[in-house]
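Remarks on the structure that follows.
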Amino acid sequence: MKQKSVAVVGAAETTKMGKIPDQSVIGLHADAALNALADCGLKPSDIDGVATAGISPVELAHYLGIKPTYADGTSVGGCSFMLHVRHAAAAINEGLANTILITHGESGRSRVGTGGFGRSAASLAGQFEMPYGPMGPPTMFTVPVLRYLKTYGLSAEDLAWVSVIQREWAAFNPRASFRDPLTVDDVLNADMIAWPFTKLMCCLVTDGGGALVLTSAERAKDFPQKPVYVLGTGESVETPMVSQMYDFTSSTAFRVSGKKAFDEAGIKHSDVDHLMIYDAFAHLPLYGLEDLGFCKPGEAAAFIRERNTAPAKDGKPAGKLPLNTNGGGLSYMHSGMYGMYALQESVRQLRGIAPAQVPDAKISIAHGVGGMFAASGTIIFSNEAP
Amino acid sequence: MPPRMLPEPTPETRDFWSGCKEGELRLQRCTECDGGSYFPPRPFCPRCGSRKVESYKASGKGVLWSYVINMRPRPDMGTEPYAIAVVKLEEGPTMMTNITGCPQTPEALQLDMPVEVAFAKQNDDISLPLFQPAGA
Chain G
4 MKQKSVAVVG
14 AAETTKMGKI
24 PDQSVIGLHA
34 DAALNALADC
44 GLKPSDIDGV
54 ATAGISPVEL
64 AHYLGIKPTY
74 ADGTSVGGCS
84 FMLHVRHAAA
94 AINEGLANTI
104 LITHGESGRS
114 RVGTGGFGRS
124 AASLAGQFEM
134 PYGPMGPPTM
144 FTVPVLRYLK
154 TYGLSAEDLA
164 WVSVIQREWA
174 AFNPRASFRD
184 PLTVDDVLNA
194 DMIAWPFTKL
204 MCCLVTDGGG
214 ALVLTSAERA
224 KDFPQKPVYV
234 LGTGESVETP
244 MVSQMYDFTS
254 STAFRVSGKK
264 AFDEAGIKHS
274 DVDHLMIYDA
284 FAHLPLYGLE
294 DLGFCKPGEA
304 AAFIRERNTA
314 PAKDGKPAGK
324 LPLNTNGGGL
334 SYMHSGMYGM
344 YALQESVRQL
354 RGIAPAQVPD
364 AKISIAHGVG
374 GMFAASGTII
384 FSNEAP
Chain F
51 MPPRMLPEPT
61 PETRDFWSGC
71 KEGELRLQRC
81 TECDGGSYFP
91 PRPFCPRCGS
101 RKVESYKASG
111 KGVLWSYVIN
121 MRPRPDMGTE
131 PYAIAVVKLE
141 EGPTMMTNIT
151 GCPQTPEALQ
161 LDMPVEVAFA
171 KQNDDISLPL
181 FQPAGA
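Chains as they are written, first to last, in the numbering used here: chain G, 4 to 389; chain F, 51 to 186.
Structure below.
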């Protein structure tokens with residue numbers, strides 16, 4: 004139950020979001036970090052632990068003038084920040100550090116100060132996947148989906164519904180990249196990227212960043228913002244190659260990570276008020292809902308289509324499980340490693356300040372994926388002291 | 051067109067690529083446990099950890115397990131859309147590949163259709179294990 008004694012006391016995104024050609028990657032990290040520090044009334048010198056992915060924690064610490072007693076450079080893709088939260092909770096409980104800063108910044112669109120994204124021809128992926136022509140996530144993350152659709156008698160229309168309903172949430176969010184309503188036909192008729200995926204089933208490519216500050220729950224009460232407590236955490240890794248997933252219809256890493264987090268938190272699915280599932284592509288919420296245990300295998304598409312995850316609309320009430328309420332990677336923003344933004348939205352919901360606020364939200368889950376079904380991290384938050 | 055991105059064999063995978071060059075698809079299996087065949091190659095059994103494993107000539111047969119059709123071809127792959135496919139081999143493992151000898155369309159590429167290996171020589175060292183509809 005150690006994890007229960009840690010809280011998020013500072014949380015913020017970069018000042019700007021979307022297209023930011025005047026800031027480099029490290030600049031976005033720093034902007035988000037300074038905003039998060041201002042949010043909790045701290046200075047860089049108050050921080051004694053750092054964690055980040057994409058850049059090294061060494062770069063981050065030195066850039067901000069922090070001399071930490073704890074550094075975590077876990078880098079397993081877009082869910083790295085969920086793992087950083089988990090490791091920070093353990094580190095604070097173990098006394099490795101008192102106040103830990105976790106940052107993300109990525110110039111995904113403008114590519115300012117950004118490194119390459121190559122894979123060695125001698126790596127396993129370089130030998131056993133790259134020769135067959137994949138070109139980035141849209142042609143790799145999507146590879147298992149036809150098997151999933153066939154197994155459960157579903158179609159591309161079921162993927163389109165995910166994009167349509169998340170756009171409904173984005174409409175509430177002034178910082179979202181895309182806010183205009185979509186129809187299923189709009190999604191199905193958009194440019195084909197990697198059949199059966201159209202452009203509107205793929206995430207955005209934007210610039211941005213975010214940062215979190217964590218400390219012990221005991222100290223958290225003395226900070227200006229309402230503490231958001233870490234109730235349960237999970238992580239796992241699966242495969243560096245999507246073609247080697249254990250099961251094309253389910254993410255083993257999601258299952259392992261989700262179960263661990265639920266077990267630690269000691270909550271039931273019906274206790275969850277708000278859910279974030281990292282949506283780099285439209286199939287991820289389907290896998291996430293099923294692998295986290297909110298839906299039985301094959302039932303997530305109907306769950307979404309029947310508006311269980313949607314906002315109120317045309318006299319129909321909001322669904323019982325609001326999902327990706329910032330608009331998600333499909334409509335809000337996606338810099339490359341989106342997990343930080345899922346965490347930020349969970350924190351906003353539990354502070355009660357989200358643009359599309361879920362009334363009385365007490366428990367929120369931020370579930371992330373890393374790589375192409377390579378890794379996973381799950382954080383269960385509560386705004387009530389455990 | 052830039053040259054096609056090709057694998058660079060390592061000591062642990064050399065036998066697999068040598069097999070492809072010689073026209074046989076090789077898999078590995080454990081001689082100590084019932085873990086079955088595995089891929090990609092490694093010098094130990096991923097089920098039990100034993101180093102007592104053997105390479106053998108696989109059937110080269112499987113079924114089309116899943117795929118996407120890349121509508122924006124990578125420059126080294128030409129200018130036409132192509133399927134990035136995964137086949138499930140008769141022996142169990144899955145493997146990424148391309149499907150040759152048939153149109154790159156959803157109509158022609160039906161999941162679970164039988165496929166068989168068709169090696170595509172790239173240079174003196176590397177032949178890629180592509181797959182074609184069985185009996186084509």
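C-beta: ideal position from N, C-alpha, C; glycine also. Quick caveat, the model's predicted, so the values are computed rather than measured.
Is there a C-beta anywhere in chain F that falls below 7 Å from the one on Pro140 (chain G)?
No, because no Cβ of chain F sits closer than 7 Å to the Cβ of Pro140 (chain G).
Go through its chain and collect everything with a Cβ distance to Lys5 (chain G)'s Cβ below 6 Å, but skip five positions before and after it.
Model confidence at Lys5 (chain G) stands at a pLDDT of 45, short of 50, so the residue's coordinates are unreliable; what they give is reported in the following sentence. Once the five neighbours on either side are set aside, the close Cβ partners of Lys5 (chain G) are Asn96.
Taking buried to mean at least 16 other C-beta atoms within 10 Å of its own C-beta, is Arg351 (chain G) buried or exposed?
By the 10 Å Cβ count, Arg351 (chain G) comes out buried.
What did DSSP end up calling Leu278 (chain G) once you bin it into helix, strand or coil?
Leu278 (chain G) falls in the strand class under three-state DSSP.
List the DSSP bridge partners of Leu40 (chain G).
Leu40 (chain G) is not bridged to any residue.
Looking at the structure shown, is Tyr249 (chain G) part of a helix, part of a strand, or coil, going by DSSP?
Looking at Tyr249 (chain G) - three-state DSSP - the assignment turns out to be coil, as it is neither helix nor strand.
Does the beta-carbon distance from Asp282 (chain G) to Asn329 (chain G) come in below 7 Å?
No, the pair does not count as a contact, with Cβ atoms beyond the cut-off.
Please classify His286 (chain G) as buried or exposed, where buried requires at least 16 neighbouring CB atoms within 10 angstroms.
His286 (chain G) should be labelled buried.
Mind reading off the beta-carbon distance from Glu267 (chain G) to Met85 (chain G)? Whole number of angstroms is fine, and I expect it under 8 Å.
Glu267 (chain G) to Met85 (chain G), Cβ: 13 Å. No contact.
Buried or exposed: which applies to Glu387 (chain G), given that a residue is buried once 16 or more other Cβ atoms fall within 10 Å of its Cβ?
Its Cβ having fewer than 16 others within 10 Å, Glu387 (chain G) is exposed.
Taking C-beta pairs closer than 7 Å, name the residues in chain F that Leu127 (chain G) reaches, listed in chain order.
Near Leu127 (chain G) (Cβ distances below 7 Å), the residues of chain F are Pro90.
Quick check on DSSP: helix, strand or coil for Glu267 (chain G)?
Three-state result, Glu267 (chain G): helix.
Using the Cβ count rule (16 or more neighbours within 10 Å means buried), how would you classify Ile356 (chain G)?
Exposed, by the Cβ-count rule.
Touching or not, the stretch 174-182 of chain G and the stretch 54-66 of chain G, by the rule of three or more beta carbon pairs under 8 Å?
Flag = no, the stretch 174-182 of chain G and the stretch 54-66 of chain G do not touch.
Would you list the one or two residues that DSSP bridges to Leu3 (chain G)?
Absent from the structure is residue 3 (chain G), since the part of chain G shown begins at 4 and ends at 389.
Within 10 angstroms of its Cβ, does Tyr344 (chain G) collect 16 or more other Cβ (buried), or is it exposed?
With 16 or more Cβ atoms within 10 Å of its Cβ, Tyr344 (chain G) is classed as buried.
Using CA coordinates, which residue listed in G:Leu40, G:Ile196, G:Ser379, G:Phe257 is at the minimum distance from Val118 (chain F)?
It is G:Ile196 whose Cα lies nearest to the Cα of Val118 (chain F).
At the 7 Å Cβ level, is Ile149 (chain F) part of the contact set with chain G, yes or no?
Chain G contact via Cβ: absent.
Check whether the Cβ atoms of Val2 (chain G) and Val9 (chain G) lie closer than 7 Å to each other.
Residue 2 (chain G) falls outside the range modelled here, since chain G spans only 4 to 389, and no answer is possible.
Determine the direct distance from the alpha carbon of Pro320 (chain G) to that of Gly212 (chain G), and round the result to whole angstroms.
Roughly 33 Å separates the two Cα atoms.
Where does the unbroken alpha helix (DSSP H) through Val167 (chain G) begin, and where does it stop?
Counting along the chain, the alpha helix (DSSP H) containing Val167 (chain G) begins and ends at 159-173.
Helix, strand or coil: which one does DSSP assign to Arg308 (chain G)?
Note: Arg308 (chain G) maps to helix in three-state DSSP.
Under 7 Å Cβ-Cβ, which residues of chain G neighbour Arg124 (chain F)?
Neighbours of Arg124 (chain F) on chain G, chain order: Gly136, Met138.
In its own chain, which residues sit with a C-beta less than 7 Å from the C-beta of Cys2 (chain G), not counting the 5 before and 5 after it?
Because chain G here runs from 4 to 389, residue 2 (chain G) falls outside it and cannot be looked at.
Give the secondary structure of Met343 (chain G) by DSSP, where H, G and I count as helix, E and B as strand, and everything else as coil.
Correct three-state label for Met343 (chain G): helix.
Would you say Thr106 (chain G) and Ala36 (chain G) are within 7 Å of each other, going by their C-beta atoms?
Their beta carbons are under 7 Å apart, which means Thr106 (chain G) touches Ala36 (chain G) by this criterion.
What do you get for Gln154 (chain F), buried or exposed, if any count of 16 or more other CB atoms within 10 angstroms of its CB means buried?
Result: buried.
Are there 16 or more other CB atoms within 10 angstroms of the CB of Thr129 (chain F), so buried, or fewer, so exposed?
So Thr129 (chain F) ends up on the exposed side.
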